[in-house]
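Novice: Going by my numbering, the sequence shown opens with residue 998, and the numbers climb by one from there. By construction, the Cβ of each residue, glycine as well, lies at the ideal position given by its N, Cα and C atoms. Pasting a structure here, questions to come.
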Amino acid sequence: TDVLCEAPSVCPPVITENHIVYGGLDGVLYVVSLSDKNTTKFKTAFNAPITAPVAIADQKIYVPCEDGYLYILNADGTTPETKVALPTQDLELWKIRNPITGPLAKPEFDWYTNYGDFGGTNANAQGLKPPLRMRWARRLEGTVKHLPVCGGGRLYTHTAEGQIIAVEQDTGRMLWRRYWPDVYLSFTSPLYIDGKLLIPQAGMKKSVMRCLDAATGDLLWEAPFTGSPSWSRQFPPVVAGNIAIYASASGEYAAQGTEKAFTFGGKPAVTEDGREVMSWIYSNDNPYYPRDHRPRIWAWDLDTGKVVWEKDFSEYGRGGNDCGIAILDGKLYYSTFFGYASSQRKRRGLPVENNGITACIDPQTGDVIWLTNKYYVTSKCTLSARDGRIYIGGYNRANEDTQDRFVWCLDATDGSLVWQSDAVTSALNVVTVGKEYIFSNALRGKGNVFDHQTGKVVNSIGHNYAC
């Protein structure tokens, strides 16, 4: 494979006798010479992506851009002798033309975060009944695992490759698109809050929390974090007052891990010095995590992006990427998994006391109110909170002495157990908590409906869910 130009794009290139021509997601036209491999670049006025193929005719390149302008250049990518100044007027294509209307248009019906609300309940009673009618559909150029979110009359999608796309909620009309490089398998969902959009974008080179103006897509601030939000990450940030909060892990990552437990597939890539390295997208089976992985929480000022507080829970164990956060009654709830195999951790010189923890934290200060090592998420699942209770699930077994998985219901005031569910295949992504019933998916197994008061399984759905 011969790489002629590394600039990312979603539009097909146009090949002429002497050049390859295409537009990039960074708003730049690239004209690559086939003879000497040199690249001529033309930067459009507003850095808006070029997502449609260019047209070439009569020794001219016609470049349609998402800023609403058509740019015309020479066939080699240079500007014509009679130069025209780049446009300076924003055509305001980002403005909503068709606002949502009707009884469900109020903000309380917004699905503003991946699991519906800061409690992660994954439930929003809107009275919808089948049959439902499709309002619109549009092409999506990218990979998506989690749900789009809506707020302010717009619907927002984040692709795993780093695009953030906003469309009219009522019609699906494109409003704006932004792209940042070095985002890799970042299966994270945006959060809409008070006219802002928060989105964790992560990759092996760097990981960044970005805050955008939800109306225009303009960047307001960005702040670094660490960790792998691949398909193990099940939650967006949460906000308490004016504090934005996210959880992850620090540690070393690469395209391939150094041993089976740190890989998703293929032969491990052992390091010469014996360092433990986690694959960026790693196994669903997690007996332990690399020794340098530290569970961490960051809290930023929502207006400025300045760090308000930061917490490191590595005194309790190693891990941190398989975790979850939720807000209930002004408290932050955090749960993370350290792996089910304490005996293997002991042989490796890792902390053995805890397979995981769940903590109640003051979101304004980071102070821990209570912490338990008895109940915790077991990877691939965040926690949810409603009506004074915390709900915890996961994919792995909780310890190496059992093959059973459970949903746990805890008292939010002290972390004590209210009930343990019947044994299930797994409880993936989130435990959905409605007013009357509780539901959880299972990876390649039955989804289950639980009784609110006892945790008994009252019904099952055999739909073979695959995340």
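Kindly indicate the opening and closing residues of the beta strand (DSSP E) around Gln1198.
Specialist: First-last of the beta strand (DSSP E) with Gln1198: 1193-1199.
Novice: To the nearest whole angstrom, what separates the beta carbons of Pro1360 and Lys1328, a pair I think is in contact under 8 Å?
Specialist: Indeed they touch by this definition, with Cβ atoms about 7 Å apart.
Novice: When the Cβ atoms of the segment 1163-1171 are set against those of the segment 1218-1237, are three or more pairs found closer than 8 Å?
Specialist: As far as the Cβ criterion goes, the segment 1163-1171 does not touch the segment 1218-1237, which means the pair count is below three.
Novice: Can you name the start and end residues of the alpha helix (DSSP H) that Gln1160 belongs to?
Specialist: Careful: Gln1160 lies outside any alpha helix (DSSP H), inside the beta strand (DSSP E) at 1160-1165.
Novice: Near Lys1343, which residues of its chain fall below 8 Å by C-beta distance, leaving aside the five closest residues on each side in sequence?
Specialist: Result list for Lys1343: Val1349, in chain order.
Novice: If you measure between the beta carbons of Tyr1250 and Ile1294, is that distance less than 8 Å?
Specialist: Result no, Cβ atoms of Tyr1250 and Ile1294 do not sit closer than 8 Å.
Novice: Whose CA, out of Asp1448, Glu1433, Ser1423, lies closest to the CA of Gly1459?
Specialist: When only C-alpha atoms are compared, the closest one is Ser1423.
Novice: Please state the DSSP three-state secondary structure of Pro1104.
Specialist: Looking at Pro1104 - three-state DSSP - the assignment turns out to be helix.
Novice: Could you give the first and the last residue of the continuous alpha helix (DSSP H) run that contains Arg1394?
Specialist: Neither: Arg1394 is in no alpha helix (DSSP H) and is coded neither H nor E.
Novice: For the segment 1439-1451 against the segment 1413-1421, do three or more pairs of beta-carbon atoms, one drawn from each stretch, fall closer than 8 Å, so that the two count as touching?
Specialist: Touching, yes.
Novice: Whose CA, out of Ser1183, Ser1340, Glu1273, Val1274, lies closest to the CA of Val1205?
Specialist: Closest option to Val1205, Cα to Cα, is Ser1183.
Novice: Start and end of the alpha helix (DSSP H) containing Ser1457?
Specialist: Element bounds for Ser1457: not the alpha helix (DSSP H) but the beta strand (DSSP E), 1454-1458.
Novice: Find the nearest neighbour of Asp1300 within the set Tyr1286, Asp1319, Ile1242, Tyr1285, judged by alpha-carbon distance.
Specialist: That would be Ile1242, whose Cα lies nearest to the Cα of Asp1300.
Novice: Measure the alpha-carbon distance for Ile1196 versus Ile1093 and round it to whole angstroms.
Specialist: If you take the alpha carbons of Ile1196 and Ile1093, they lie about 22 Å apart.
Novice: Name the one or two DSSP bridge partners that Ser1245 has.
Specialist: For Ser1245, which the question treats as bridged, DSSP gives the partners Arg1293.
Novice: Taking one C-beta from the segment 1375-1392 and one from the segment 1428-1436 each time, how about it: are there three or more such pairs within less than 8 Å?
Specialist: Because the criterion of three Cβ pairs below 8 Å is met, the segment 1375-1392 and the segment 1428-1436 touch.
Novice: Could you round the C-beta distance between Phe971 and Asp1064 to whole angstroms and report it? I think they count as a contact, below 8 Å.
Specialist: This structure leaves residue 971 out entirely; the chain is present only between 998 and 1464.
Novice: Output the distance between the C-alpha atoms of Ser1247 and Ser1376, rounded to the nearest integer angstrom.
Specialist: Approximately 17 Å, taken between the alpha carbons.
Novice: Just the Cα atoms here: how many angstroms apart are Tyr1392 and Asn1111?
Specialist: If I take the Cα positions, the gap works out to 19 Å.
Novice: How far does the alpha helix (DSSP H) with Ser1339 in it extend, from its first residue to its last?
Specialist: Element bounds for Ser1339: 1339-1344.
Novice: Tell me Lys1328's beta-bridge partners as DSSP assigns them.
Specialist: Leu1325.
Novice: When you compare each of Leu1152, Gly1159, Tyr1176, Gly1314 to Gly1192 by their alpha carbons, which one comes out closest?
Specialist: Comparing Cα positions, the closest option is Leu1152.
Novice: Cβ atoms of Trp1297 and Ser1225: under 8 Å apart, would you say?
Specialist: No, they are not a contact pair.
Novice: Going by DSSP, which residues form a beta bridge with Met1206?
Specialist: BP columns for Met1206 point to Pro1197, Ala1220.
Novice: Using CA atoms only, rank isn't needed, just tell me which of Phe1436, Tyr1109, Asn1283 is closest to Val1235.
Specialist: Taking only the C-alpha atoms, the option nearest Val1235 is Tyr1109.
Novice: Could you tell me how far apart the beta carbons of Tyr1372 and Leu1407 are, in whole angstroms, since I believe they sit closer than 8 Å?
Specialist: Their Cβ separation, rounded to whole angstroms, is 6 Å, which keeps Tyr1372 and Leu1407 in contact under 8 Å.
Novice: Can you tell me whether Phe1115 is helix, strand or coil according to DSSP?
Specialist: In the structure shown, Phe1115 sits in coil (DSSP, three-state: anything other than H, G, I, E or B).
Novice: Which stretch, first to last residue, makes up the beta strand (DSSP E) that contains Gln1417?
Specialist: That run of the beta strand (DSSP E) goes 1414-1417.
Novice: Which residue comes first and which comes last in the beta strand (DSSP E) that contains Phe1403?
Specialist: Careful: Phe1403 lies outside any beta strand (DSSP E) and carries neither H nor E.
Novice: Cα-Cα, which of Asn1015, Arg1441, Ile1058, Tyr1066 is closest to Gly1485?
Specialist: Because the chain in this structure spans residues 998 to 1464, residue 1485 falls outside the shown range and cannot be described.
Novice: Alpha carbon to alpha carbon, what distance is there between Asn1352 and Asp1398?
Specialist: Those two C-alpha atoms are separated by around 12 Å.
Novice: On the three-state DSSP scale, how would you describe Phe1447?
Specialist: Three-state result, Phe1447: strand.
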